[in-house]
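The opening position of the sequence shown corresponds to residue -18 in my numbering, with each subsequent residue numbered one higher. The C-beta atom is built at its ideal place from N, Cα and C for all residues, glycine as well. Note that the structure is a prediction, hence the values are computed from the model and not measured.
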Amino acid sequence: MGNQKTTDLIRLTKQVVNPADYYRGLRRRSESPPDNILLFVRNLRELMSPKRAGDSLHERWVLLVILDGTGELRLERQPLRLKPGTVVLLPPLHLHGYVNVSADIHWLFVTFEWPGHTALGENWRGARRLDATAQQRLAAVVRNYLPAERNGSVAAAHLLELLRRLYPVTEPVPSLTHSLLTAVQAASKIAPGEKLPQLAQRLGISESHLRARFRSEAGLSLGRYLREARLREAALWLRTEGLSVKAAAARAQYPDIFTFSRAFRRVMGYTPSSVRNTEQ
């Protein structure tokens, strides 16, 4: 076995010390890792092609890495300057587009599903710097995505660590949060606009306990979360299914188009008709 790789491994393992406790070791994160990871790179021609003109709205998470070139991101009509070495996280169902993009760009898009996660709060907003450690994590994601080392489990683990370095959790997240959130998300998709008593019954938990537990674990009220989630789903119906505003309001269980439009604009920052009329 006396090759250089073995010698390097021996040198590395000499740093391993005997554990004080043989039953307490290194633990993995309890939260669900990203899944169904896709990577692609855009240049100016591809980014601004007629097919992709206008704002985008989709159901996947996107980690946008600006490696070269500059531009401006409009995230729900709020501008954010993009420059090399910065990273931006785009949650699902958040309308976004790009303007003032420089001629030569090299932007990496990492898109993924993230079971049990949602854009609660505001901690995900804003650009982050891609420091040396984050660059190493990102490089590991890319290496394990490419054919030579393709491994979804390893890529997902590195991507989770990258996300947590860029967007750290300030407090430990209870392990039940993700299962509860996932259950609420699944139940609300089955019956959009379902009232809380029916949702609680579907989940097999009392309404009061469901409200209290969700607020404790997620940091906001269940009612607010469901309203915002329902309106973001409605934006997707308007954009991808071509529903009329009246039909979207009815599917979302709003009593009339005016109540729906007011709520939609308050949460999304723009009118339902503007989403429907945006070029896809």
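Secondary structure of residue i, DSSP reduced to three states
{"i": "Arg(-8)", "result": "helix"}
{"i": "Arg110", "result": "strand"}
{"i": "Arg232", "result": "helix"}
{"i": "Ser197", "result": "helix"}
{"i": "Val248", "result": "helix"}
{"i": "Ser37", "result": "strand"}
{"i": "Thr51", "result": "coil"}
{"i": "His77", "result": "strand"}
{"i": "Glu27", "result": "helix"}
{"i": "Glu188", "result": "helix"}
{"i": "His139", "result": "helix"}
{"i": "Pro14", "result": "coil"}
{"i": "Leu19", "result": "strand"}
{"i": "Trp105", "result": "coil"}
{"i": "Glu94", "result": "strand"}
{"i": "Leu45", "result": "strand"}
{"i": "Arg62", "result": "strand"}
{"i": "Leu70", "result": "strand"}
{"i": "Leu224", "result": "coil"}
{"i": "Leu119", "result": "helix"}
{"i": "Leu89", "result": "strand"}
{"i": "Leu7", "result": "coil"}
CB contact flag (residue i, residue j, <8 Å)
{"i": "Arg220", "j": "Arg257", "result": "yes"}
{"i": "Trp88", "j": "Val22", "result": "yes"}
{"i": "Leu140", "j": "Val123", "result": "no"}
{"i": "Phe69", "j": "Leu119", "result": "A small fix is needed here, since residue 69 is Val in this sequence, not Phe. No, the Cβ-Cβ distance between Val69 and Leu119 is not below 8 Å."}
{"i": "Arg110", "j": "Gly66", "result": "yes"}
{"i": "Ala216", "j": "Leu38", "result": "yes"}
{"i": "Ala137", "j": "Pro0", "result": "no"}
{"i": "Thr114", "j": "Arg146", "result": "yes"}
{"i": "Arg196", "j": "Ser189", "result": "no"}
{"i": "Asp237", "j": "Ala230", "result": "yes"}
{"i": "Ser187", "j": "Leu180", "result": "no"}
{"i": "Leu212", "j": "Ala164", "result": "no"}
{"i": "Ser255", "j": "Val226", "result": "no"}
{"i": "Arg131", "j": "Glu94", "result": "no"}
{"i": "Leu28", "j": "Val82", "result": "yes"}
Buried or exposed by the 16-neighbour rule on C-beta atoms within 10 Å, applied to residue i
{"i": "Gly52", "result": "buried"}
{"i": "Phe239", "result": "exposed"}
{"i": "Leu127", "result": "exposed"}
{"i": "Tyr4", "result": "exposed"}
{"i": "Gly204", "result": "exposed"}
{"i": "Lys18", "result": "The question names Lys, but residue 18 in the sequence shown is Ile. Buried, since its Cβ has 16 or more Cβ neighbours within 10 Å."}
{"i": "Leu161", "result": "buried"}
{"i": "Leu224", "result": "buried"}
Best match in the options for proximity to residue i [C-alpha to C-alpha]
{"i": "Leu71", "options": "Gly50, Phe90, Pro96, Leu44", "result": "Leu44"}
{"i": "Pro16", "options": "Arg243, Leu203, Ser134", "result": "The sequence given here has Asp at residue 16, not Pro. Cα-wise, what sits closest to Asp16 is Ser134."}
{"i": "Val91", "options": "Leu48, Glu130, Asp85", "result": "Leu48"}
{"i": "Arg26", "options": "Lys(-5), Ser254, Asp85, Gln(-15)", "result": "Asp85"}
{"i": "Gly107", "options": "Pro60, Val226, Thr252", "result": "Pro60"}
{"i": "Glu214", "options": "Lys(-5), Ala167, Gln117, Glu12", "result": "Ala167"}
{"i": "Gln281", "options": "Arg41, Asn81, Leu143", "result": "With the chain represented from -18 up to 261, any question about residue 281 goes unanswered, as that position is not in the structure."}
{"i": "Asp112", "options": "Tyr148, Glu40, Pro178", "result": "Tyr148"}
{"i": "Asn125", "options": "Leu177, Ile(-9), Leu20", "result": "Leu20"}
{"i": "Glu175", "options": "Ser11, Leu28, Gln234, Thr252", "result": "Gln234"}
{"i": "Asn24", "options": "Gly6, Gly50, Phe241, Thr252", "result": "Gly50"}
{"i": "Ser11", "options": "Leu(-7), Gln(-4), Pro96", "result": "Pro96"}
Any chain B beta carbon closer than 8 Å to residue i
{"i": "Leu54", "result": "The structure shown contains no chain B, having only a single protein chain."}
Problem set entry | Three CB pairs or more closer than 8 Å across the segment 47 to 66 and the segment 76 to 83 | yes
Problem set entry | the segment 233 to 248 contacting the segment 205 to 216, beta-carbon criterion three pairs below 8 Å | Yes: at least three Cβ pairs fall under 8 Å.
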